[in-house]
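Novice: Quick mapping for you: the protein sequence lines, in order, are chains H and Z.
FYI, in the working numbering the residues of the first sequence are 64 to 223.
FYI, in the working numbering the residues of the second sequence are 17 to 188.
What follows is a structure written as structure tokens; I'll ask about it next.
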Amino acid sequence: MDVGNIYLIIAAGLLVFSVFKSKEKTKKALIVAGKSALTVVPVLVVVFLLMGLISAFLSKELIGQVLGDKSGLPGILISEVLGSIALIVPAAVFPFTGMLHEKGASYPIIFAFIMTAILIGISTIPAEIKFFGARFTIVRNVLTFVFIFALSILFGMLIA
Amino acid sequence: MKKILKEAVIYLVIAAVIVLAVALFIPAKTENVLSVAWNALLGAIKIMVSVFIFIGLLQVWVSTEKLSALLGKEAGWKRFVLSSMIPIFIGGSLFTIFPMLKTLKDKGASYAALFAFITAWSGKGPLIPLEIHFLGLKFSILRILLIVPFAVIMGLLGEFIMEVLDKRDASA
């Protein structure tokens, strides 16, 4: 059975359960769902087109060379920097990196990109400073960056 | 809502520009590009619909108030363990969890709990079906398993550094 169908059945089951508990809340949940779809789907359309472009114009060899196992530790660092500055919604990170992996990008590189894209963002830093102060923001972002580097290497070893 | 619509339109315009540019300048590759994009979209559509429903239900049924009560009442290490695990399964963006954590901090949550919470939140629970679809089950499980110790260490080390810096300021 298609995995997508299983998820749909689970989602439908939860929705039915939710309706029984509260119609009001379920309505709100569907509005939230619609809003996140509206936020994410247009971005995904662009990401999927970029995937098409990359797969049509960049060879597996080239991506493997730049983002593959041979790119080593500098490759992880570059991936982290890109993840930190990429203005990409988390929902789009997974399809994008999945395609890069299919094309030859290594696991540590992909892990580094995903984690920095989620946890570090030049767009969230001003908000973080406003809420928690500059010191907290610097400590968190620097520590996160350093740990993701180490975790990427560990991830690569464990998944192999 | 207006902002969401505006951004949606901007992205769709970008998409249209990409398609037009490809069709104009490299017509031979157009079909190739579009079919990759179309197949990726088709393959993920059921999962995306489910994920949106998960996000909606989660936001409505697991309110931030409930979560902060859970994290705020438990004492010491228990709170810390919760901070390192529960956030894995909630969604939202950093912009939505920052204000919530600020409230927790004002109520007395430790630095360790804050660092651990933000780090553990990178699990992005509601998106896991998408992650498995594009990167595989093994990838997803290993990533989530690594996040727990990552959150614990971030919490402990982050708090240690903050306290050292705060003390230095206090004595200066």
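We treat Cβ as the ideally placed atom computed from N, Cα and C, and that holds for glycine.
Using a Cβ-Cβ distance cut-off of 7 angstroms, determine whether residue 183(Z) contacts chain H.
Specialist: The count along the second sequence starts at 1 and reaches residue 183(Z) at position 167. Output row for residue 183(Z): interface = no.
Novice: Are the C-beta of residue 66(Z) and some C-beta of chain H separated by less than 7 angstroms?
Specialist: As a position in the second sequence, residue 66(Z) is number 50, starting the count at 1. Chain H, which has a Cβ nearer than 7 angstroms to the Cβ of residue 66(Z), makes this yes.
Novice: Does the structure place the region 123-141 of chain H close enough to the region 72-92 of chain H that three or more beta carbon pairs sit under 8 angstroms?
Specialist: At 8 angstroms Cβ cutoff, the stretches do not touch.
Novice: Can you list the alpha helix (DSSP H) stretches of 4 or more residues lying completely in the region 25-107 of chain Z, in chain order?
Specialist: Those alpha helix (DSSP H) runs which fall completely within the region 25-107 of chain Z and span 4+ residues are 43-77, 80-89, 92-101.
Novice: Within its chain, find whatever has a CB closer than 7 angstroms to the CB of residue 148(Z); leave out the 5 residues flanking it on each side and keep chain order.
Specialist: For the purposes of this step, residue 148(Z) is identified with residue 132 of the second sequence, where counting begins at 1. Closer than 7 angstroms at Cβ, skipping near neighbours: 156.
Novice: Once you ignore the five residues that flank residue 170(Z) on each side, which residues in its own chain have a CB closer than 7 angstroms to its CB?
Specialist: In the second sequence, counting from the first residue as 1, residue 170(Z) sits at position 154. For residue 170(Z), where only same-chain residues beyond five positions count, the Cβ hits under 7 angstroms are 131, 132, 135.
Novice: Which whole-angstrom value describes the C-beta separation of residue 77(Z) and residue 88(H), a residue pair presumed to lie in contact below a C-beta threshold of 8 angstroms?
Specialist: Working through the second sequence from its first residue, we reach residue 77(Z) at position 61. Working through the first sequence from its first residue, we reach residue 88(H) at position 25. Yes, they are in contact, since the Cβ atoms of residue 77(Z) and residue 88(H) sit about 7 angstroms apart, within 8 angstroms.
Novice: In chain H, which residues lie with their C-beta within 7 angstroms of the C-beta of residue 53(Z)?
Specialist: Residue 53(Z) sits at position 37 when you count from the first residue of the second sequence. Neighbours of residue 53(Z) on chain H, chain order: 111, 112, 114, 115.
Novice: Rounded to whole angstroms, what's the CA-CA distance from residue 118(Z) to residue 133(H)? Just pull it up for me.
Specialist: Within the second sequence, numbered from 1, the residue matching residue 118(Z) stands at position 102. Within the first sequence, numbered from 1, the residue matching residue 133(H) stands at position 70. Computed Cα separation, rounded: 43 angstroms.
Novice: Thinking C-beta only, is residue 68(Z) closer than 7 angstroms to residue 99(H)?
Specialist: Here the question's residue 99(H) lines up with position 36 in the first sequence. Here the question's residue 68(Z) lines up with position 52 in the second sequence. Cβ distance < 7 angstroms, so residue 99(H) and residue 68(Z) count as in contact.
Novice: Going along the chain, which unbroken runs of the alpha helix (DSSP H) with 4 or more residues stay wholly within the region 90-133 of chain H?
Specialist: 123-130, all fully within the region 90-133 of chain H.
Novice: Is it buried or exposed, residue 157(H), if we count other Cβ atoms within 10 angstroms and call 16 or more buried?
Specialist: Counted from its first residue, the first sequence places residue 157(H) at position 94. That one is buried.
Novice: For residue 186(H), which residues of its own chain have a beta-carbon under 7 angstroms away from its beta-carbon, when the five flanking residues on both sides are left out?
Specialist: Counting from one through the first sequence, the residue named residue 186(H) turns up at place 123. Excluding sequence neighbours, residue 186(H) sits near 150.
Novice: Do residue 102(H) and residue 20(Z) count as a contact pair if the criterion is CB distance below 7 angstroms?
Specialist: For this step, residue 20(Z) is matched to residue 4 along the second sequence. For this step, residue 102(H) is matched to residue 39 along the first sequence. Taking 7 angstroms as the Cβ cut-off, residue 20(Z) and residue 102(H) qualify as a contacting pair.
Novice: Find out if the Cβ-Cβ distance for the pair residue 164(H), residue 173(H) is shorter than 7 angstroms.
Specialist: Here the question's residue 164(H) lines up with position 101 in the first sequence. Here the question's residue 173(H) lines up with position 110 in the first sequence. Result yes, Cβ atoms of residue 164(H) and residue 173(H) sit closer than 7 angstroms.
Novice: Buried or exposed: which applies to residue 214(H), given that a residue is buried once 16 or more other Cβ atoms fall within 10 Å of its Cβ?
Specialist: Here residue 214(H) is taken as the residue at index 151 of the first sequence, counted from 1. Residue 214(H) comes out buried.
Novice: My output table needs one value for residue 116(Z): the three-state DSSP class, helix, strand or coil.
Specialist: For the purposes of this step, residue 116(Z) is taken as residue 100 along the second sequence, with counting starting at 1. Three-state DSSP puts residue 116(Z) in a helix.
Novice: Determine, for residue 57(Z), whether the minimum Cβ-Cβ distance to residues of chain H falls below 7 angstroms.
Specialist: Stepping through the second sequence from its first residue, residue 57(Z) is reached at position 41. By this cut-off, residue 57(Z) is an interface position.
Novice: Less than 8 angstroms between C-beta atoms, sequence neighbours within five positions excluded: which residues of the same chain meet that for residue 143(Z)?
Specialist: Walking along the second sequence from the start, residue 143(Z) turns up at place 127. 67, 107, listed in sequence order.
Novice: From the DSSP output, in three-state form, read off residue 162(H) for me.
Specialist: As a first step, residue 162(H) is located in the first sequence; it is residue number 99 there, counting from the start. DSSP places residue 162(H) in helix when its eight states are reduced to three.
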